[in-house]
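*Asks:* Residue 1 is where the sequence shown starts when you use the UniProt record's numbering, and the numbers rise one by one after that.
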Amino acid sequence: MRLLQYSESGELSIHSFDDGDIPPYAILSHTWGADGDEVTFADLQTGGGKAKPGYKKIIFCGGQSRRDSLQYFWIDTCCIDKANKAELAFSIRSMFRWYRDATRCYVYLSDVSDQPLPVTSDDQDLRWLLWFWMFSILYSMSRWYGSTMQRYFYSRNVLCTSVGSDPVRNKQKAELALKNSRWFTRGWTLQELLAPSIVEFFSKEGTKLGDKLSLAKEVYEVTGISSPALQGEPLSNFSVHERVTWIEHRTTTIPADRAYSLMGILGVSLSPIDGENLAEAMKRVLYEVDKQNKFIQDLCPSNPRDDKKRIEETKGGLLAGAYRWVLDNNTFQQWQQDPESRLLWVKGDPGKGKTMLLCGIIDELQNLTPKPTLFPVLRGLLYMLMHQQPSLASHVALTKIFTDVLQDTSLGMTYLIIDALDECATDLLKLLSFIAKQSSASSRVKWIVSSRNWPDIEQELERAEHEMRLSLELNAESVAAAVDVFIRQKVCRLAQEKRYTPEVQDAVLQHLTSNANDTFLWVALVCQDLKATPKWDVQEKLAQFPPGLDSLYRQMLDQIRKSSSARRCLRVLAVAAVLYRPVTVSELVILTKQLADLVNDLESVREIIGLCRSFLTLRDDTVYFVHQSAKDFLITKALNDVFLDGIECVHQDIFAKSLVILHKTLRRDIYNLQAPGYAIEDAKPLLPDPLAASRYPCVYWIDHFCDLKSSATNQEITRAIDAFLEQKYLYWLEALSLCRSMAKGVVSMTRLWDLVQGLGDTDVLNKIVYDARRFIMYHKEAIENYPLQAYASALLFSPANSIVRRLFQHEEPRGVTIKPAMSNGWSACLQTLEGHSSGITSVTFSHDSTRLASASEDSTVKIWDASSGMCVHTLQGHDDAVVSVAFSHDSTRLASASEDRTVKIWNVSSGMCVHTLEGYSDSVRSVAFSHDSTRLASASGDSTVKIWDASSGTCRHILEGHSGWVTSVAFSHDSTRLASASADSTVKIWEASSGMCVHTLKGHSYGVSSVAFSHNSTWLASSSWDDTVKIWDVGSGTCVHTLEGHGHGVSSVAFSHDSTRLASALNNSTIKIWNVSSGACVNTLEGHSDIVRSVAFSHDSTQLASASDDSTVKIWDASSEMCLHTLDVGISLLHLSFDFTGTLLYTEIGTISISSSQVTNPINVAASKLQYQGTSINSGGNWVIYAGSNMLWIPSEYRPSSSAVSETQLGMGVGSGRVWLCQLV
């Protein structure tokens, strides 16, 4: 951010600041004058602009900021270099934040004057009489009260009004001028009114007229914006509709700016598009708002504030005396007051009251003045962050990683509270590592976490800087006093409810005080049991409560085992202990065999749960464990008492019951949506919900089958799975979509496929599971967003011989025909990944094959899970199209190159931007990591190559010398050399460590298109537009061979892994294989019908892959010229590489299994919602529309590049050359 400084001597200077170092500043809001009137950034650079009319505003703002003790100020006309497209786009997105963060905003009203109006002659005579009368009174009073009274009246400006002016008319004139000011009609000034906390209005003479609070009435009358919005109430509390109406009567010079000026007010961020009209821009902005709101709603299934309230109610309310001790604790006070102490770990044994302690701390922090932004995180840190500041949602991917959010400069002072770290079921160490790292990253965020005394938690949190610990065991005296308060409160309440005699009350108090061992949970459990005990049995019952949690749990379990309902209760405990999430009562009765006779008597089921009250509790009719320690006790210390037939038996029962209920419940269109294009976000459960009891079985039946282990080979079980898939599979997919669990379904089907492959004598099951897995992966996108497309698009676009399609052929939409018929088997495309809003420019797999990265013209990079197809991270930060991405060879980092003249290095695990590499004068076209992952090379259109330290982000070397743009860079495999190819017809070899140019290789007569090192790093091959390939000795820089005979240009070269052969791809559809030592052409491979774009050898050098503009990939025997496979991929590929086994081929559209021709295909086509009549295709090309409604989702590989439409028939031509017809009758 650039800021201006106006010195005492009148000198104006401009300074640049990084986000974290911006000093306090004032900011100017104004209306622009005519073209050429305003002082620009270029004027300041050259020292000009002082003669322009706009210079007066700069002097005013500089002088006023000095009077307000502010050294710096900002003005949009001259602090932004509008000639820099990337900077302008960034500034537009940052404008709201810059105004909001300003200490003061000065509104300069160039059309409002403070000059007084003259009075008339009649008024003048009356005015003299009035002044004479007032002066006489004052003179008399001064005689009575002395000079003190004189000074008082004069100090209050009683006589300050000029005799020659009219104060009433002046006031009316000022109000009218203010309301009629052009400033209130301009679009960009809306955010300048709302964003800053202090907004002051000035006349053109520089006189202060008031601020937005003192003039709130006048501002409301002219703008319609209510006082709360002007006083700083979060704008997210106002509806989107209301906020949009604020811009209705405002105008902008560029029409689309009316939409862009709303971005900060609506909490979204978009890059402007040149030439975009107002309707298109507003549509984009509102779409982003809608998408963001849905994301925030889906981010957390429940509001953490509601969770906190529910926890307090479940535990009998928050008792101030049970937590107030911590407020005076030295450790807590140091954490709260010391800016460097950012992480407080509250640790203690189970039942010591950690959760309620944190609830009390939350309440106390909320009472601070000024109020901080407080986020109680019991489940949903991100939900609270996004709800409070929606604009932060731009940082967040579905992985719930929010590093960028915490580092956003717009985040105010924030407290993050995370309870029960020890209850994190998966990736606990990753979570701890994240907390330890992030607690030191921002001075605006303080953390409190709680957990049990676990060594692995302690070991990870020790890595945090300035970490503090508050041990409940070391504060035993304070905890004991708090428990004593808790006991007295609980006993007092019991005595009132049960009408204890004083003797009984004293006995209960004495027993609890003597045996609690400073454990809140022990007291709560005992009191809960006493609540169900008749008062005449209380004293006898007390003797049955031993001290210690485990002893108490054992006693409670023994009571259950001795009860008449022991069989049902023990089974309920066993089922609850192995479930993957808490379930409702209706779900529990379905999953528990021993409750089968009570399926229509849920009240009795609730009573049975009540008998297990020492372990289970009901909240909103959902079954929870009273505490994690209760579940731990059942699984670890009471295994044989609860799981009488073993845990696998319980899993088997749940699995079997799940299939039964799914068979009974699932059917087509269970929510009565009817319309094939009904969107999932519009689908609401019916009342009563037909899926209410089936949600858990729907999502987790496969998990329980996989937990059977030794029982999984049971033929009865495998036949049950086979029957379910044959009869209910399509209805299950619809239900998964309605349960918002399609991604989980893909993972589950993959897990099922992996398991059944290892089972013997299951050939039939193998085939249907394989086909069902292909079906869900290929059609996930359509069914996930539109549940009823399971019966339309999913069936019609599946292979003719698909088992699922044949089984459910009767569900295909009537009157819809696709011609020609689908192929018999599944195509090479395994899954389509969609999510970018513009074209995809580059894709690459991580070297461990677990992640896929895609770069897009929408300025983002997405990282995908290669197995499930889920988007793991959306990386935002570039200001222009991203054109290249590359993983480091250890797969921990990702580099992205952009047309915004920067390279960014990202942490693959967290999605955090580690470094932004700047210093280019043109767009960056290519990036490559060294093979040891320590260096990154980037090539730019400014004719330079830069080598960066991948860890620190520092530029080690700027490699200059090319006179044309750099087309390609490549590291040698030993990471010691870097080669750069250029349009200037040369190749340069650089020493990677020093940046010194070792050799300049000359010999090509036209530009060099690509370079490649041999795997032993001794040879370098270069291909050129002069139709030759040259092989160079890396050590000497001499040309060893010039390989001619290409004739039609060379597009790509590749060495074999044993460095003995070189393959060159030609523009005449052939490939040549050369002997590196002799330079002789060994083989000429013919078979493609168009330009060959890419070639690659397998790691054992026996096979060669080639990709061509004929939309095929061919696999060749490298020694015999024999074509082993021809794969129709439907697109021209530019990048090919084999995996180590030689069975997979990596490409920019996915991974191809050479044996099974499977591919993972991330292709983007943006959808849009337009209204049509008759039969048509929507503008996004992804829907067939009939009678104005979405009818048939079109998979990406079938989307048309051209089409013809009649009344009932559509003809579509696809870029791959495919033509297909869709007939609707």
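Ideal placement from N, C-alpha and C gives every residue a C-beta, glycine not left out.
Just how far apart, CA to CA, sit residue 346 and residue 461?
*Replies:* 12 Å
*Asks:* Just to confirm before moving on: does the CB-CB distance between residue 576 and residue 625 stay below 8 Å?
*Replies:* yes
*Asks:* Who are residue 251's beta bridge partners in DSSP?
*Replies:* 186
*Asks:* DSSP state of residue 892, grouped into three classes?
*Replies:* coil
*Asks:* Return helix, strand or coil for residue 848, following the three-state DSSP convention.
*Replies:* coil
*Asks:* What is the C-beta distance between residue 479 and residue 470, in whole angstroms, given that I count them as a contact (C-beta under 8 Å)?
*Replies:* Incorrect: roughly 11 Å between the Cβ atoms, too far for contact.
*Asks:* On the premise that residue 1111 lies in contact with residue 1088, defined as a C-beta separation below 8 Å, what is that separation, rounded to the nearest angstrom?
*Replies:* Not really, about 10 Å apart at Cβ, beyond 8 Å.
*Asks:* Alpha helix (DSSP H) containing residue 610: first to last residue?
*Replies:* 602-611
*Asks:* To the nearest whole angstrom, what separates the beta carbons of residue 955 and residue 948, a pair I think is in contact under 8 Å?
*Replies:* Yes, residue 955 and residue 948 are in contact; Cβ-Cβ is about 6 Å, under 8 Å.
*Asks:* If you draw a straight line from the alpha carbon of residue 958 to that of residue 933, how long is it in whole angstroms?
*Replies:* Distance from the CA of residue 958 to the CA of residue 933, rounded to the nearest whole angstrom, comes to 19 Å.
*Asks:* Could you check if residue 224 is buried or exposed, using at least 16 other CB atoms within 10 Å of its CB as the buried criterion?
*Replies:* exposed
*Asks:* Indicate the three-state DSSP secondary structure (helix, strand or coil) for residue 937 in the structure shown.
*Replies:* strand
*Asks:* Which residues in the same chain have their Cβ closer than 7 Å to the Cβ of residue 53, if we skip the five residues on either side of it in sequence?
*Replies:* 33 and 37
*Asks:* Go through its chain and collect everything with a Cβ distance to residue 531's Cβ below 6 Å, but skip five positions before and after it.
*Replies:* Taking residue 531 as the centre and dropping the five residues before and after it, the same chain places no C-beta closer than 6 Å to its C-beta.
*Asks:* Could you give the DSSP three-state label for residue 197: helix, strand or coil?
*Replies:* coil
*Asks:* Give the secondary structure of residue 678 by DSSP, where H, G and I count as helix, E and B as strand, and everything else as coil.
*Replies:* coil
*Asks:* Taking the C-alpha atoms as reference points, what is the distance between residue 234 and residue 190?
*Replies:* Residue 234 and residue 190 have their C-alpha atoms some 15 Å from each other.
*Asks:* Would residue 468 and residue 344 qualify as a contact pair, given that the criterion is a beta-carbon distance under 8 Å?
*Replies:* yes
*Asks:* Look up residue 879 in the DSSP assignment and say whether it is helix, strand or coil.
*Replies:* coil
*Asks:* Output the distance between the C-alpha atoms of residue 820 and residue 1125, rounded to the nearest integer angstrom.
*Replies:* Looking at the two C-alpha atoms, the distance is approximately 24 Å.
*Asks:* For residue 1054, which three-state DSSP category applies?
*Replies:* DSSP places residue 1054 in the strand class (E or B) of the three-state scheme.
*Asks:* Determine the extent of the beta strand (DSSP E) in which residue 870 is found, giving its start and end residues.
*Replies:* Segment: none, residue 870 is in no beta strand (DSSP E) and carries neither H nor E.
*Asks:* Determine the extent of the alpha helix (DSSP H) in which residue 746 is found, giving its start and end residues.
*Replies:* 742-756
*Asks:* Pull the bridge partners of residue 30 from the DSSP assignment, please.
*Replies:* DSSP, once it has assigned bridges, lists no residue as partnering residue 30.
*Asks:* Does the segment 752-771 come within contact of the segment 642-652, defined as at least 3 CB pairs closer than 8 Å?
*Replies:* The segment 752-771 vs the segment 642-652: no contact.
*Asks:* Can you tell me which of 873, 4 and 893 puts its alpha carbon nearest to the alpha carbon of residue 848?
*Replies:* 893
*Asks:* Can you tell me the Cα-Cα spacing of residue 62 and residue 222, whole angstroms?
*Replies:* 29 Å
*Asks:* Answer with buried or exposed for residue 10, where buried requires no fewer than 16 other C-beta atoms within 10 angstroms of its C-beta.
*Replies:* exposed
*Asks:* Based on DSSP bridge pairs, tell me the residues matched to residue 928.
*Replies:* 937
*Asks:* What do you reckon, is the C-beta of residue 986 under 7 Å from a heavy atom of the ligand SAH?
*Replies:* In the structure shown, the ligand SAH is absent, as is every other ligand, since no ligand is present at all.
*Asks:* Give a yes or no on whether the C-beta atoms belonging to residue 697 and residue 748 are separated by under 8 Å.
*Replies:* Not in contact: residue 697 and residue 748 (Cβ atoms no closer than 8 Å).
*Asks:* How close, in whole Å, do the beta carbons of residue 16 and residue 2 come, if the pair is a contact with beta carbons under 8 Å?
*Replies:* 5 Å
*Asks:* So for residue 773, helix, strand or coil by DSSP?
*Replies:* helix
*Asks:* Rounded to whole angstroms, what's the CA-CA distance from residue 1226 to residue 931? Just pull it up for me.
*Replies:* The structure shown has nothing for residue 1226, since the chain only spans 1 to 1225.
*Asks:* Spatial neighbours of residue 1142 within its chain, please: CB distance less than 8 Å, with the 5 preceding and 5 following residues excluded, ordered by chain position.
*Replies:* 1098, 1099, 1100, 1102, 1103 and 1154
*Asks:* Taking the beta carbon of residue 492 as the centre, do at least 16 other beta carbons fall within 10 Å, making it buried, or is it exposed?
*Replies:* Its Cβ having fewer than 16 others within 10 Å, residue 492 is exposed.
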